[in-house]
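Number of protein chains: 2
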Amino acid sequence: MRERERHILDAAVRVIAEDGVQGLRIGKFAAEARVSTALIYHYFEDRAGVLRHALEYLDLRAAAHIEEAVPADLCPRAALDRMLLVELQSALDVRMHCIAWGELRASAVFAPELRETLRSTTGEWVDHVADVMREVVETAHGSPAPDLTGAAERLTTLVEGLSKRWLSGYCTIERTRELLSGAITAELATI
Amino acid sequence: MRERERHILDAAVRVIAEDGVQGLRIGKFAAEARVSTALIYHYFEDRAGVLRHALEYLDLRAAAHIEEAVPADLCPRAALDRMLLVELQSALDVRMHCIAWGELRASAVFAPELRETLRSTTGEWVDHVADVMREVVETAHGSPAPDLTGAAERLTTLVEGLSKRWLSGYCTIERTRELLSGAITAELATI
DNA sequence: GTCTATAGGAAGATAGAC
DNA sequence: GTCTATCTTCCTATAGAC
Numbered sequence: 001m002r003e004r005e006r007h008i009l010d011a012a013v014r015v016i017a018e019d020g021v022q023g024l025r026i027g028k029f030a031a032e033a034r035v036s037t038a039l040i041y042h043y044f045e046d047r048a049g050v051l052r053h054a055l056e057y058l059d060l061r062a063a064a065h066i067e068e069a070v071p072a073d074l075c076p077r078a079a080l081d082r083m084l085l086v087e088l089q090s091a092l093d094v095r096m097h098c099i100a101w102g103e104l105r106a107s108a109v110f111a112p113e114l115r116e117t118l119r120s121t122t123g124e125w126v127d128h129v130a131d132v133m134r135e136v137v138e139t140a141h142g143s144p145a146p147d148l149t150g151a152a153e154r155l156t157t158l159v160e161g162l163s164k165r166w167l168s169g170y171c172t173i174e175r176t177r178e179l180l181s182g183a184i185t186a187e188l189a190t191i
Numbered sequence: 001m002r003e004r005e006r007h008i009l010d011a012a013v014r015v016i017a018e019d020g021v022q023g024l025r026i027g028k029f030a031a032e033a034r035v036s037t038a039l040i041y042h043y044f045e046d047r048a049g050v051l052r053h054a055l056e057y058l059d060l061r062a063a064a065h066i067e068e069a070v071p072a073d074l075c076p077r078a079a080l081d082r083m084l085l086v087e088l089q090s091a092l093d094v095r096m097h098c099i100a101w102g103e104l105r106a107s108a109v110f111a112p113e114l115r116e117t118l119r120s121t122t123g124e125w126v127d128h129v130a131d132v133m134r135e136v137v138e139t140a141h142g143s144p145a146p147d148l149t150g151a152a153e154r155l156t157t158l159v160e161g162l163s164k165r166w167l168s169g170y171c172t173i174e175r176t177r178e179l180l181s182g183a184i185t186a187e188l189a190t191i
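First to last, the protein sequences are chains A and B. Mind the numbering: the first sequence is residues 1 to 191 in the numbering used here, read in order. Mind the numbering: the second sequence is residues 1 to 191 in the numbering used here, read in order.
See the structure below:
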């Protein structure tokens, strides 16, 4: 991916974070990227192409984001907290990313063509969380853990739900993070 | 509310469930309600008015929905299950309601004017769930329960998150319900 | 209250010069 | 690759008759 393309896709993510996927207007997007609308159509075939590329770009950044936030030498319990809490931060770029991810999820309700991307990304995230949970449990108990997919699905789903409540003004970021921490503890306690 | 208005608002909910809040087109909405666009503007001032009324109507129906699903003589544990699982059903009208509610939540990220309605409805729902949880705990333990607001917030949030995953094709309705049941059990176990 | 017809404007997409 | 200018379509909202 060229520098220019990344610059344009960053603008797309900003506009989506401001107006939503359905609210993305090519004109506003082009202005945000400081290029003409014609150039947008030169890079991406049409409006759907813009969304497709923007959401794939988001996907790429999400993986990098998690790896960056979780150093390899962290103990499993701390790593679990980190990887789940990393999306729930008030910093502007994290917040933007979070809004855009929520929009991707919401769009897939009406746009089946997005579902496959979403399914694989979500699946990888769930598996990753389940792996770390297994490490936590086996480190603590010293015995093999049962299947943790369900617990990992609940926790990752809770992250998505909490992010929407936070972003829609229902609770503060501190409260949101506190609720998630409580859920992690509750899930681990029942294993 | 007159019969005619309810009929029109039902059409609005159907269209929102099909295309989303931002995807609602007055023309399609009018056609769905089998009236002219002019009549839409006669009943609701403008497009924003349509959304406002549709979402308030949704709100009204949600409360009725829960009361209907939870008979007064049900034991607290069963009532808790019912009131949380009631939105997660594949029946077409429930599914529609669920999509529209998700859209309301998602819209509030970009439309601050919707947040107050959303906040009060959510708050009432959380309080209701917390009350029933208290009954469950006090029936089982025989001693006063601690504050359960956090647990109720997590469970209701999980319902919202799970509904989005279900509706976006990530998991089946059976799996979704199973995950929620698991979470209810986990939350109760840690009290 | 309800309709038909349409004004007026926004937005997606393209043509063609540089 | 990048722009300006514009075409066309679609959509909100209104005018005015019944």
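Don't be surprised by glycine CBs; every beta carbon is placed ideally from N, CA and C.
- Burial is judged here by how many other beta carbons sit within 10 angstroms of a residue's own beta carbon; A/L188 has at least 16 and is buried.
- The beta carbon of A/I184 lies closer than 7 Å to those of L80, D81, L84 and L155 in the same chain, with the five residues before and after it left out.
- One alpha carbon belongs to A/Y170, the other to B/V109, and they sit about 10 Å apart.
- Taking the Cα positions, B/H7 is about 20 Å away from B/G23.
- Residue-level contact by beta carbon fails for A/L80 and chain B, as no gap is shorter than 8 Å.
- Assignment of alpha helix (DSSP H) within the segment 62-90 of chain B, counting only whole runs of 4 or more residues, yields 76-85 in chain order.
- Secondary structure note for B/V136: its alpha helix (DSSP H) is the uninterrupted segment R115 to H141.
- With a contact defined as Cβ atoms closer than 8 Å, A/T117 and A/E56 qualify at about 7 Å.
- Within 7 Å of the CB of B/A183, the CB atoms of chain A belong to R154, in sequence order along the chain.
- For the set A/A63, A/G150 and A/R175, the Cα lying nearest the Cα of A/M133 is the one of A/G150.
- B/V21 sits away from B/M96, with the two beta carbons spaced by 8 Å or more.
- Residue contact check for A/T172 against chain B: no CB pair falls below 8 Å.
- When the five nearest sequence neighbours on each side are left out, the beta carbons in the same chain lying within less than 7 Å of the beta carbon of A/E153 are those of V126, in order along the chain.
- Listed in chain order, the positions of the segment 13-31 of chain B with a beta carbon within less than 7 Å of a beta carbon of chain A are D19, G20, Q22 and G23.
- Around the beta carbon of A/R177, a 10 Å sphere encloses 16 or more other beta carbons of the protein chains shown; the residue is thus reported as buried.
- In the three-state reduction of the DSSP assignment, A/G49 falls in the helix class.
- Within the same chain, E87 come within 7 Å of A/V94 by CB-CB distance, once the 5 residues on both sides are set aside.
- With a threshold of 8 Å between beta carbons, B/V86 makes no contact with chain A.
- Annotation for A/L24: no alpha helix (DSSP H) segment contains it, and DSSP assigns it neither H nor E.
- Distance between B/G161 and A/D131, taken at the CA atoms: about 22 Å.
- A Cβ of chain A is located within less than 8 Å of the beta carbon of B/A186.
- At a cut-off of 8 Å between beta carbons, A/T117 makes no contact with chain B.
- Per DSSP, the continuous alpha helix (DSSP H) segment holding A/I184 begins and ends at I173 to A189.
- Put simply, the CB of B/V136 is far from chain A, with every gap to its CB atoms at 8 Å or more.
- Counting the other CB atoms within 10 Å of its CB gives B/T157 a total of 16 or more, which places it among the buried residues.
- Contact with chain A is found for B/T157, since one of that chain's Cβ atoms lies less than 8 Å from the residue's Cβ.
- Contact with chain B is found for A/I99, since one of that chain's Cβ atoms lies less than 8 Å from the residue's Cβ.
- Taking the beta carbon of A/R105 as reference, the chain B residues within 7 Å of it are K164 and S168, listed in sequence order.
- Ranked by how close their Cα comes to the Cα of B/C75, the residues B/L148, B/T139 and B/P146 have B/T139 in first place.
- In this model, B/R119 and A/H42 are separated by some 43 Å (Cα to Cα).
- Proximity of chain A to B/E160 at the Cβ level (cut-off 8 Å) is accounted for by G161, K164 and R165, in chain order.
- If you draw a straight line from the Cα of B/V159 to the Cα of B/V70, it comes to about 17 Å.
- Straight-line measurement puts the Cα of B/V50 at about 15 Å from the Cα of B/M1.
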